[in-house]
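Data block below; observations after.
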Amino acid sequence: MRIKVCGVTRPRDARLAAKLGAWAVGMIFVPNTPRYLTPPKAARIRAAIPKGVLAIGVFKHVAAEELRRVVRELRLDAVQIYGAVPRGIKVRVIQAVTLDARPLRGKMVLIEPARTDADRRAGRGPSRAAQLKAWKTARSWRSTGARAVLAGGLTPDNAAEAVAAAKPWALDVSSGVEARPGVKSARLLRAFFKAAGA
Numbered sequence: 276m277r278i279k280v281c282g283v284t285r286p287r288d289a290r291l292a293a294k295l296g297a298w299a300v301g302m303i304f305v306p307n308t309p310r311y312l313t314p315p316k317a318a319r320i321r322a323a324i325p326k327g328v329l330a331i332g333v334f335k336h337v338a339a340e341e342l343r344r345v346v347r348e349l350r351l352d353a354v355q356i357y358g359a360v361p362r363g364i365k366v367r368v369i370q371a372v373t374l375d376a377r378p379l380r381g382k383m384v385l386i387e388p389a390r391t392d393a394d395r396r397a398g399r400g401p402s403r404a405a406q407l408k409a410w411k412t413a414r415s416w417r418s419t420g421a422r423a424v425l426a427g428g429l430t431p432d433n434a435a436e437a438v439a440a441a442k443p444w445a446l447d448v449s450s451g452v453e454a455r456p457g458v459k460s461a462r463l464l465r466a467f468f469k470a471a472g473a
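Right, here's the structure in full:
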């Protein structure tokens, strides 16, 4: 199973993810979020991602000029975009979609459960019902030829179930393997990779 470890804020976490067999390491460029990276910090993390592991930048409602600048300066292999995808992007794109969107055959898409206000206040991620809906959506999209990257509330405790239920093209994990926001736990990372069958 391909695994993207996202929200990485420390070079050591990028190196460990790669050592464990990560398909990709994600760096977040969305201001005012807990795992936001400044350019100097992102450059240090990018330098820790070895060849063969994709370096992916995560953006939300980003201007094309800004996106191209970050891709060029950090030599990103791919981008994950919330919102409209700017034209002229020369690297691979993972497009975040809503669960009621029409399948995008042949595209790489991020599928994650919706979060209610109650879920956010609890700080524990999506509800079980929302997660099951996302898993079902990922499975149906995969059958159309879309490359479904499943995210949202994934942990070592539910990774195996998610793989069996959703049959995703890849898994995307962030907070489910953290000791605190932005700081990955080596123990949880190892457990997640083992549970997901990576």
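Start counting the sequence shown at 276; every next residue gets the next number (this note's numbering). The beta carbon of each residue, even a glycine, is placed where N, CA and C say it ideally should be. Model, not experiment: these values are computed from the prediction.
Taking a cut-off of 8 Å on C-beta distances, the stretch 433-445 does not touch the stretch 456-463, as fewer than three cross pairs fall below it.
Under the DSSP assignment, I320 falls in the alpha helix (DSSP H) whose first and last residues are 314-323.
In the structure shown, the three-state DSSP call for V328 is coil. Three or more pairs of CB atoms, one per stretch, sit closer than 8 Å, so the stretch 440-452 contacts the stretch 410-420. A distance below 6 Å between beta-carbons, with the five flanking residues on each side excluded, links D447 to the following residues of its chain, in chain order: K279, C281, V424, A426. Listed in chain order, the alpha helix (DSSP H) runs fully inside the stretch 330-407 are 339-349, 392-397, counting runs of at least 4 residues.
As computed with DSSP, A423 is found in a beta bridge with V384. The alpha-carbon separation between S450 and R285 amounts to approximately 14 Å.
For V354, the CB contacts under 8 Å within the same chain, skipping 5 residues up- and downstream, are I331, G332, V333, F334, L342, V346, I364, V366, R367, V368, I369 in chain order. Annotation for K279: the continuous beta strand (DSSP E) segment containing it runs 277-280. Annotated three-state conformation of L429 is coil, per DSSP.
With respect to L374, A323 sits apart: the two C-beta atoms are not nearer than 8 Å. Distance from the CA atom of E340 to the CA atom of L385, rounded to whole angstroms, is 23 Å. Closest in alpha carbon position to P401, among E387, T412, A413, is E387.
Closest option to G358, judged by alpha-carbon separation, among R414, R290, V305, A299: V305. Closest by C-alpha distance to R350, out of A471, V458, V452, R319, is R319.
Boundaries for V452: no alpha helix (DSSP H) harbours it, and the DSSP string shows neither H nor E there. Only residues of its own chain outside the window of five on either side were considered, and among them K459, A461, L464 have a CB closer than 8 Å to the CB of L291, listed in chain order.
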